[in-house]
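Before any comments, here is the structure.
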Amino acid sequence: MSATAPGMSRAERFEDEKRRIIESCFNKRDEDGSVLETYITHLRILEFSQYPTSPPPPQARSPQSEKPRVIIVAVRKSGRVRVHKTKENVNGSFSIGKTWNLDDLAAIESYTGPNTPPDFRQWAGDNGFLVTLGKPYYWEAQTDKEKKFFIASLIKIYGKYTGGRVPSLSNFDQRELDQVLGGAARRGAASQQTPNQPTRPLLPSASNQALSSQSNGPDGPAGSDYTRTPSRSPMPPNGNSSPASSLAPSIDSNRNLRSQEAPLRQRLATGNKSQDSVANSYRSGALWKAAAASNAFKPRAGGAGEKLLKAAKDEQNNGPDGITAVVPAPPRPKSIEKKPEPVPEVTVSRAEPAPPEPAKEVKPEPKPDSKHIPEPEVKDERKKSVLVGNDLKYLATLGVDPSILDNKTAQFTEWLDFFSWVPGDKMRTLNSDEMKFDIERELNKAQAGGWLARFQEEDERVDAIKTGIDAAVDECDELDNLLTLYTVELSTLQDDIAYIEAQGQGLQVQAANQKLLKKELESLLETCAITANDLQALSMAPLETVNGVDEVETALVTLYKAMIKIDPSMGSADGTKTEDGSSDQAIDFNGDYAKMRVVQEKRQMYMQESAMFMQRLVDFMAKQFNVANDEVRRALKGALNKKIDPHNHDIGRDMLWKYDPLMLYTRDADLEVWNRLIQIYQDAAHPTYKMEFRDALDSWKRNARKPTGEEALLFSSQEEKKEEGLATAARKLTVKRSQTLARIRSPLGEGQNKPANSSAVDLSRSSPYEIFASVLDDVLPLVEMEQNFVIDFFHATTLEQIDFPDAVAAISPGARRGNDLKRHRLMEPDRDLARRVTRSMEVIFPFLEKDLSNMVDWVLVQSPLQGVGVMANLERKLADIQQSNQDFLNSSLQKVHGNLLVKFKRFVEEQIRAIEDTKVKINKRKGVISFMKVFPPFSMAVENMLLGIDPNLNVRRTVDREYDRILRSMFDSLKVIARENPAVGVAAAGAGADPEDKEALNYHILLIENMNHYIEEVETREDETLEKWKRAASDEINEHMTRYLDAVMRRPLGKLLDTIENIEGQLKSGKAPAAIAAQPSNSKATFDKVLLHYDAKEVRKGIESLRKRVEKHFDENNSLALKVTKSCESYYNEVEQRIARVVSELYGGEVLVEWPRLEVKSGFR
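Under the numbering used here, the first residue of the sequence shown carries the number 1, and numbering increases by one thereafter.
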């Protein structure tokens, strides 16, 4: 994440990153105050985790695979250049992740060249490149400019560092290669290979400035990075030749060259043709393109490149001086304007030998006496040109006066020929716009090269300028030779400088070794300077008082520091702290120093003193542990409440906390003594907890409520003759106190409130499963606190990062009180150490698992159904300590829970067996079956015990699974009981059976009564299993209600129903209504006769008889009888609708008698 402000420019952002990089990575200084490593440059890049050595395809570019990094080049104080790969942190700082030496740079590969594979060219674009630093790394810059600038800087630094070598460069296109290496250098090398263009080659200067200096171009001002290559031969590197011998031939050669160029300039001034100007224009255009390309690299804001550009710009604004820049031609004097215009000529901007081909076109002429061509000869030549041939005719045709071309015709016709305006078809294909364009182009060329022609027309000042230029060139050549000499001389100093630097590094290493030796000797003296008198407090100081403990700890700290130097493995595993707590590397005497006799003698003495003290500490702590436990037992006996109170143990622990650092010393010095101390403590603590737990469990059992009538909630205790006390027993068990129901945790409580109304059951006491929950709430925190005390007091954990001196200095002995023991601790990573703590807890609480199992059995004896509540509370506690370090508690509760789960499944099997036995033992096959009466209070009692329990606990799934088994057995047994009469099977088949069959009616009545009881009495409380079976009961009652109505309606409406069902059956089979009406048994007259029988009196009589019959069938449940009567009324209304459909379809809507609707409505009121 970048810490740069979004409003910064690119240059400001670069400078801000540079500042933060230097502050983060290059701010370390040597002892003399100098910086150890200096920043040079950096580049932001992207790496790809799946493609570290090649461009990634588009599908591989994702935020997860992209790794933004920063590549930094820096130089150490020793002169070694290194390349760092860093990562930007969230706070804006940088961290170095990997480092290479610049010597490892072997190659740089781009992906812009013509030989690059098309896929790589597309995936890498202009920003990707491959750097080989030992092995290849693919990096992708943010922009093309940053990439080129960094590569150019890297090549330049590599060249300086390796003495002029260049890494292998591949797959760069020509333009990019020119920009990273220096375009002028490559063009200069190319011009040297062209014999027809003897221009001065340009090479990079020795300073190798930034790429931004290329914006001046090859013909820029003197501030450019490029200088001319000297025309002399280079000086031998050994420096044997003198400056005078090297300067003489170069000066002579330059003078000869200028003497040869003097007549050449005169010939070019008079005989230059248009094709020369065209060639020169091409060269000028190429230079302009190169200059434009170099301008693409903008220098860094505030850098050296920008300062050079600004200086060059100011120099240009001051105007050319005639030496470093071209002086534009001054305007012609008025006297010259009267002369005939000279022929337009284009000349080159500097003197160079004439090419062979143009030289053939120049006519031989005598060498002029001066550099000024006589004007009369030009005038005579132009006066000879007269208007001849077709020119007169052409001008007359155009309406132009031919006299305006006097003395100009020859020049005019020559330019017409040059621009292809030759009479004929070629002339007709051209136009004036093209001619205008060509003329303007040639005028621009003539103006660009016109300054050379001024030499012919000016006075002796031109000669003075030429003389000055020659003198300047000679001085530059001499200066070039001198600079070359200085370069060679300076190069000879490189070996001397390297030698001096090596000597300096040797002195630094020697000084560092001497400092380390001094520190080792001082540490050795301090280690060996401890005497027996210094350790006298270990045997004499009293451990009972705070001051005595303080003296002992002070002596032990001195002894510990000496022993840790001799044997670093004694304390912390790394041993990286010195005696003063600094971060310097600790002195290790296990090497050669350990062989010294004085060290061996001191080590033997220190071990003896430590062993004597630990023996004294063991004897003292054995007594102290007993004293602390005696104080705890006195506090327990004096407590008014026999319930567990963790504060009673704080008295003993406060007596022991001041010895906490001594336990840490014992653990580091002698592990066997440390284990012996833990064993002594656990043996002393066991009787105290055993007595406390026994008294607490007995007190809780006495507070339990006596179970009354709860056997009525079990299927296994049901008998048909004992049903009168069921409702009372269910109400007594399921009535909950208001405060208990308001608790979020669970319905468990201590039962301190009195019930609102009097009852035979004492509601001020708690149920057995609530007693068990209270026991867990009291006992488990006490066990957890004891384990945390053992871990903290004896330092039995690897999560603690403190050594003995720090523990002593942290707090004084009298103020030590330990940490919060009630807080859950993280799981111990060292499993061997965790098992050691677990063994200690097994010795202190060997009775815990057995006592909890006995408590579970006691609850199940009181009421087997309350095992559900016990299971819920066990799982709640297990979930609470599952992620903590309480391995002992977790193991004990798991065993108790496993045994309870087996017993609960056995209990459910007994209930299912009792339900199935009802099919054989039942005598009364009427009304609600016994197990259907038991299940609603049974499920209500179970759900009350699960109130407030996390639904994700396993107990919820276990109870739902057993619900499903019990309800399936109930429904199956109910149907078996109803079908024991063979006639029932016929009656259940449909309405075709005998409607007066009492067994068939009893079958439907039995199912309707039992399913209705289940729907009305069972509270699902949004439980999925109970909801599912309630829907199944609803489906059953609807099915059997329909069959029951079909049977009982045969007595009042039998003949009418037979007629309607006969007609409806034929209509469903596809017979035409007219054909059915034509039948004698279904004619309109017959149907009128049947309806006439069911007049108002007959309908009232049938409804009255039906109501009495329904009330008789459901005499035990008046609400169900009303519900069935309501269904009968709906059946009568449906019969009316059926009659209306038959009349409409068969008889055209006309009948003799109407159905007595009002009598039906009043009959069911």
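Even for Gly, the Cβ is constructed at its ideal location relative to N, Cα and C.
Bear in mind the structure is a predicted one, so any value in this text is a computation, not a measurement.
- Taking the Cα positions, Pro-813 is about 14 Å away from Leu-664.
- If you draw a straight line from the Cα of Ala-704 to the Cα of Val-1124, it is about 47 Å long.
- With 16 or more neighbouring CB atoms inside 10 Å of its own CB, Val-955 falls in the buried class.
- Ranked by Cα distance from Gly-113, the options Thr-1020, Ser-491, Asp-144 and Phe-172 are led by Phe-172.
- Residue state for Trp-1029 is assigned as helix, using DSSP reduced to three classes.
- Here DSSP, grouped into helix, strand and coil, assigns Arg-1165 to coil.
- Here DSSP, grouped into helix, strand and coil, assigns Trp-700 to helix.
- Of all C-beta pairs linking the stretch 68-82 to the stretch 153-163, three or more are shorter than 8 Å, placing the two stretches in contact.
- Here Tyr-1094 has Leu-1056 as same chain residues with Cβ atoms under 7 Å from its own Cβ, once five neighbours each way along the sequence are excluded.
- Judged by DSSP in its simplified three-state form, Ala-1072 adopts coil rather than helix or strand.
- Of Lys-145, Ser-168, Val-618 and Asp-126, the smallest CA-CA separation from Leu-133 is found for Ser-168.
- In the three-state DSSP reduction, Tyr-111 falls in the coil class, being neither helix nor strand.
- In this structure, the alpha-carbon of Asp-654 lies about 15 Å from that of Leu-543.
- The shortest C-alpha to C-alpha distance from Val-928 to any of Gly-818, Asp-668, Thr-1086 and Met-970 is the one to Met-970.
- Note that the C-beta distance between Val-1018 and Leu-1026 is below 8 Å.
- For Ser-170, the uninterrupted beta strand (DSSP E) segment begins and ends at 168-170.
- Going by beta carbons, Ile-1015 and Arg-965 fall outside the 8 Å limit.
- Counting the other CB atoms within 10 Å of its CB gives Asp-792 a total of 16 or more, which places it among the buried residues.
- Just so you know, the alpha carbons of His-824 and Asn-885 end up roughly 8 Å apart.
- Under DSSP, Glu-434 shares a beta bridge with no residue.
- With contacts defined by Cβ atoms closer than 8 Å, Arg-1043 and His-1004 form a contacting pair.
- A straight line joining the alpha-carbon of Val-908 with that of Leu-967 spans about 12 Å.
- Secondary structure note for Thr-838: its alpha helix (DSSP H) is the uninterrupted segment 831-844.
- Around the beta carbon of Gln-608, fewer than 16 other beta carbons lie within 10 angstroms, which makes this residue exposed.
- Just measuring C-alpha positions, the residue of Asn-629, Thr-688, Met-621 and Pro-646 sitting nearest Ile-678 is Met-621.
- Per the coordinates, the alpha-carbon of Phe-150 lies some 48 Å from the alpha-carbon of Lys-436.
- For Phe-1114, the three-state secondary structure derived from DSSP is coil.
- The C-beta distance from His-897 to Met-871 rounds to 7 Å, short enough to fall under 8 Å.
- Under the DSSP assignment, Ala-74 falls in the beta strand (DSSP E) whose first and last residues are 66-76.
- The C-beta separation of Cys-1128 from Val-1099 comes to about 13 Å, leaving the pair out of contact by the 8 Å criterion.
- Residue range 930-945 is occupied by the alpha helix (DSSP H) that includes Pro-937.
- The DSSP-derived three-state label of His-1093 is helix.
- Burial is judged here by how many other beta carbons sit within 10 angstroms of a residue's own beta carbon; Val-546 has fewer than 16 and is exposed.
- Where Asn-101 is concerned, the enclosing beta strand (DSSP E) starts and stops at 94-101.
- C-alpha of Leu-636 to C-alpha of Lys-701: approximately 19 Å in a straight line.
- Bounds of any alpha helix (DSSP H) do not take in Gly-814, whose DSSP letter is neither H nor E.
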